[in-house]
Amino acid sequence: MGFLDGWRFCPRCGSPVEPAEGRAECGACGYVVYANPAPAACALCTDDAGRIMLTRRAWEPYAGMWDLPGGFLHEDEHPLDGLRRELAEETGLEVEPTEWFGAFMKPYGDGGTRWVLNLVWRARVAGGEERAADDVSEVRWFSRAELPPLAEIAMAEPVGLWLREREG
Ligand SMILES: [Zn+2]
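For the sequence shown, our numbering begins at 3 and goes up steadily by one.
So this is what it looks like as structure tokens:
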């Protein structure tokens with residue numbers, strides 16, 4: 003599975019291309035495409051009660067599953083700006099990133115051809131009014147004991163790491 007799978011033509015000039023080893027180079031116009039992952043910024047947002055905020059995905063892929071709030075970056079957007087923007091769009095909350103949590107790789111959807119590079123920060127709510135919107139149908143806070151099974155969470159790896167951290 004890869005971004006360039008099935009590419010047969012240059013997207014700029016329409017000449018035939020043969021992707022190999024993670025890149026496609028057009029012999030006619032010189033356009034080169036690399037099979038990079040798509041970067042996304044997500045918030046592992048917790049409160050004073052030790053709960054984590056999850057959002058329910060409204061659309062495919064993973065429609066109906068829980069997820070960490072966040073999303074894909076705009077082309078010229080710093081990941082921390084993207085994180086703040088996505089959280090405001092999806093949850094109505096102003097969040098402030100507090101600490102780097104980690105980078106997580108995941109294919110986007112079943113049979114998808116794109117890998118996602120998820121950049122995850124710990125975060126805290128700084129303001130705003132909570133409401134589910136955009137591509138999210140529900141916002142909910144879970145204690146470790148209340149957390150849904152990881153199989154029901156789209157981006158389960160960072161949530162699993164958080165779950166195994168000691169409280170306090
Ligand atoms: Zn071309």
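We treat Cβ as the ideally placed atom computed from N, Cα and C, and that holds for glycine.
_heavy atom of ligand 1 below 8 Å from Arg14 C-beta_ = Indexing the sequence shown from 1 puts residue 14 at position 12. Arg14 Cβ: within cutoff of ligand 1.
*Between the segment 51-65 and the segment 130-143, do three or more beta carbon pairs fall short of 8 Å?*
Because the criterion of three Cβ pairs below 8 Å is met, the segment 51-65 and the segment 130-143 touch.
*Sorry if obvious, but does the Cβ on Ala30 come closer than 8 Å to a heavy atom of ligand 1?*
The sequence position of residue 30 within the sequence shown is 28, counting from 1. Relative to the non-hydrogen atoms of ligand 1, the Cβ of Ala30 comes within a distance shorter than 8 Å of at least one.
*Considering Val161, what are the terminal residues of the alpha helix (DSSP H) in which it resides?*
Position 159 of the sequence shown, counted from the first residue, corresponds to residue 161. Counted as a single uninterrupted DSSP element, the alpha helix (DSSP H) harbouring Val161 occupies residues Ala158 to Arg166.
*Which residue's Cα is closest to the Cα of Met3: Trp68, Leu75 and Ala37?*
The residue you call residue 3 lines up with position 1 of the sequence shown. Considering only alpha carbons, the answer is Ala37.
*According to the neighbour-count rule (16 or more other Cβ atoms, all chains shown, within 10 Å of its Cβ), is Pro151 buried or exposed?*
For the purposes of this step, residue 151 is taken as the residue at position 149 of the sequence shown. Exposed is the call here.
*What are the boundary residues of the alpha helix (DSSP H) that Gly84 is part of?*
One-based indexing of the sequence shown puts residue 84 at position 82. In the DSSP assignment, Gly84 falls within the unbroken alpha helix (DSSP H) covering Pro81 to Thr93.
*Return the chain-ordered list of same chain residues with a C-beta closer than 8 Å to the C-beta of Cys31, the five sequence neighbours on each side being excluded.*
Taking the sequence shown and counting its residues from 1, the one referred to as residue 31 is at position 29. Excluding residues up to 5 positions away in sequence, Cys12, Arg14, Cys15 and Ser17 lie with their Cβ nearer than 8 Å to the Cβ of Cys31 in the same chain.
*asked:* Please determine whether the Cβ atom of Tyr33 lies at a distance below 8 Å from any heavy atom of ligand 1.
replied: Start at 1 with the first residue of the sequence shown, and residue 33 comes out as number 31. True, at least one ligand heavy atom lies under 8 Å from that Cβ.
*Under 9 Å, do Gly84 and Gly73 count as touching if we go by C-beta distance?*
Here residue 84 is taken as the residue at index 82 of the sequence shown, counted from 1. Here residue 73 is taken as the residue at index 71 of the sequence shown, counted from 1. In this structure, Gly73 lies closer than 9 Å to Gly84 by Cβ.
*Could you tell me whether any non-hydrogen atom of ligand 1 is closer than 8 Å to the CB of Ser17?*
As a working mapping, residue 17 is identified with position 15 in the sequence shown. In this structure, ligand 1 has a non-hydrogen atom nearer than 8 Å to the beta-carbon of Ser17.
*Would you kindly report the start and end of the unbroken beta strand (DSSP E) that includes Glu140?*
Residue numbering aside, residue 140 sits at position 138 when the sequence shown is read from its first letter. Looking at the DSSP string, the run of the beta strand (DSSP E) that includes Glu140 is Val138 to Phe144.
*asked:* Please state whether the Cβ-Cβ distance between Ala128 and Glu92 is less than 9 Å.
replied: On the sequence shown, position 126 is the one that residue 128 refers to. On the sequence shown, position 90 is the one that residue 92 refers to. No, the Cβ-Cβ distance between Ala128 and Glu92 is not below 9 Å.
*Nearest-angstrom Cα distance between Glu159 and Tyr110?*
Counted from its first residue, the sequence shown places residue 159 at position 157. Counted from its first residue, the sequence shown places residue 110 at position 108. Roughly 14 Å separates the two Cα atoms.
*Proximal residues to Arg133 (C-beta, below 6 Å), its chain only, five neighbours per side dropped*: Walking along the sequence shown from the start, residue 133 turns up at place 131. Gly94, listed in sequence order.
*asked:* If you reduce the DSSP assignment to three classes, tell me which class Glu101 lands in.
replied: Counting from 1 along the sequence shown, the entry for residue 101 is found at position 99. When secondary structure is reduced to three states using DSSP, Glu101 falls in the strand class.
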